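First the structure, in the form of structure tokens, and then the observations on it.
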Amino acid sequence: MELLKDLALSRFAVDRAAPLRTDQEWLSRAWSTDTTRVLVLKDSNLPLTDDLSLIWVKPEAIELTLEQVQPHAVLLGADDDHTYVGIMNDAASIEVVTWAALRAVGAQLSAHDVGLATTAIAMSQWHATHKFCTRCGSATSVTQGGWARQCLVDGTDHYPRTEPAMIVAVNDGDDRILLGRRIDWPEGWFSTLAGFVEAGESAEACVVREVFEESGISVDPNSLQYLGSQPWPYPASLMLGYRATAVSADITVEIAEMAQVKWFTREEFEAECIAQTLRLPNPVAIAFRLIQHWYGSDIPIEWTRK
Ligand SMILES: [Zn+2]
5 MELLKDLALS RFAVDRAAPL RTDQEWLSRA WSTDTTRVLV LKDSNLPLTD
55 DLSLIWVKPE AIELTLEQVQ PHAVLLGADD DHTYVGIMND AASIEVVTWA
105 ALRAVGAQLS AHDVGLATTA IAMSQWHATH KFCTRCGSAT SVTQGGWARQ
155 CLVDGTDHYP RTEPAMIVAV NDGDDRILLG RRIDWPEGWF STLAGFVEAG
205 ESAEACVVRE VFEESGISVD PNSLQYLGSQ PWPYPASLML GYRATAVSAD
255 ITVEIAEMAQ VKWFTREEFE AECIAQTLRL PNPVAIAFRL IQHWYGSDIP
305 IEWTRK
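At position 153 of the sequence shown (counting the first as 1) the number is 157 in this note's numbering, and the numbers step up by one without a gap.
Okay, structure coming up:
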């Protein structure tokens, strides 16, 4: 089984420049260099041009000194032409007409822009919620080009966390697909089942457990096929995509988080999408790609909740 190619937020075209994160001299120089490009975030939204490119500005457009900007800056990457820096949510402002959420425009951004933007948003979310040391509770300061925080009292280094979650297209022997609607989603919104990997659990065991918890369906553990992963920085997930085959058919929804779980035949799926009584995830989501993988050809954008 081939992996899904070019998952929207998995695309990355710029070197992450990890060795430069600890080079304080280089980082300081980068802020005063004309070829540095800065991405400003506003409430986790991205500044966009009319044709859906990210707006990158020079450091001089940000009216902050090096000392002022460093606690809020992350080195995103570097290529032959530019060094790319992300400024955390609301730490700086620029005059921009259009701000948009990554989850809304991620599939339209270039590979160059989307990888840097996804990283900037993920890091911004992490910094916002990890200001204190998990060992002693003291304040931490930003180090390593924005890629770590260090406790001011005991010196412990803290690094960004990523939370693995599985997402799975379950099929049965009759070529049906299992989709569910979460309790907080409007009528008609359906997606593949998903859930967080628990401590001490493998992703594969999580697939089997979550599918059973959310639908009462048993899947054959030997049927699992891994189809690829995509970061989902809301706030820190890494979605691990699978397909699996069910060995039971009867659905029982007992947990409070799911409003509805249904099997769809190919005919029901098409008819309901056309009638708009079934609304699929935005193409930016790995769920969309898993559903399209089962469907076997391109899914019209009109069938999605874009
Ligand atoms: Zn500490």
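C-beta atoms are modelled at their ideal positions from N, C-alpha and C, and glycine is treated no differently.
Because the structure is a prediction, the values reported are computed rather than measured.
By alpha-carbon distance to C210, the top candidate from M243, R180 and L68 is M243. In this structure, L7 sits away from G177, with a CB-CB distance that is not shorter than 8 Å. Taking C-beta atoms under 8 Å as the contact rule, E261 and R186 qualify, at a distance of about 6 Å. No heavy atom of ligand 1 is found nearer than 7 Å to the CB of T147. Here T122 is not near L294, since their CB atoms are 8 Å or more apart. Under the 10 Å beta carbon count, P285 is surrounded by 16 or more other beta carbons and is classified as buried. Contact between the stretch 270-283 and the stretch 93-108 is absent, with fewer than three C-beta pairs closer than 8 Å.
Closer than 7 Å to some heavy atom of ligand 1: that describes the Cβ of R139.
DSSP, reduced to helix, strand and coil, places S32 within a helical segment of the structure shown. Distance from the C-beta of V101 to the nearest heavy atom of ligand 1 is not below 7 Å.
In the DSSP assignment, Y299 falls within the unbroken alpha helix (DSSP H) covering I290 to Y299. For F16, no alpha helix (DSSP H) segment is defined, and its DSSP state is neither H nor E. A straight line joining the alpha-carbon of T37 with that of A82 spans about 13 Å. Contact between the stretch 87-98 and the stretch 121-140 is present, with at least three C-beta pairs closer than 8 Å.
By the 16-neighbour rule on beta-carbons within 10 angstroms, G149 is buried. Out of R25, D84, A198 and V109, the CA that lies nearest to the CA of T53 is found in V109.
Inter-residue distance for E258 and K266 is about 14 Å (C-alpha atoms, whole angstroms). The way I'd put it, the stretch 245-253 does touch the stretch 294-305; three or more beta-carbon pairs between them come closer than 8 Å.
Note on geometry: alpha-carbon atoms of T308 and Q74 lie some 40 Å from one another.
In this structure, the CA atom of L24 is about 50 Å from the CA atom of F268. The DSSP-derived three-state label of Q234 is strand. Between L43 and L58, the gap from beta carbon to beta carbon is short of 8 Å. With a cut-off of 8 Å on Cβ pairs, the stretch 157-176 is in contact with the stretch 186-205, counting three or more such pairs. L43 sits in a strand when the DSSP states are folded into three classes.
By the neighbour-count criterion, in which 16 or more other beta carbons inside 10 Å mark a residue as buried, Q129 falls on the buried side.
Its Cα nearest to that of I290, the residue A111 stands out among D19, I66 and A111.
Under the 8 Å Cβ criterion, the stretch 155-162 counts as touching the stretch 133-145, having at least three qualifying pairs. Secondary-structure assignment with DSSP links S128 through no beta bridge to anything. For a cut-off of 8 Å, the C-beta gap from A173 to T196 is around 5 Å, short enough to register as a contact. Here W298 has A173, N175, I181 and R247 as same chain residues with Cβ atoms under 8 Å from its own Cβ, once five neighbours each way along the sequence are excluded.
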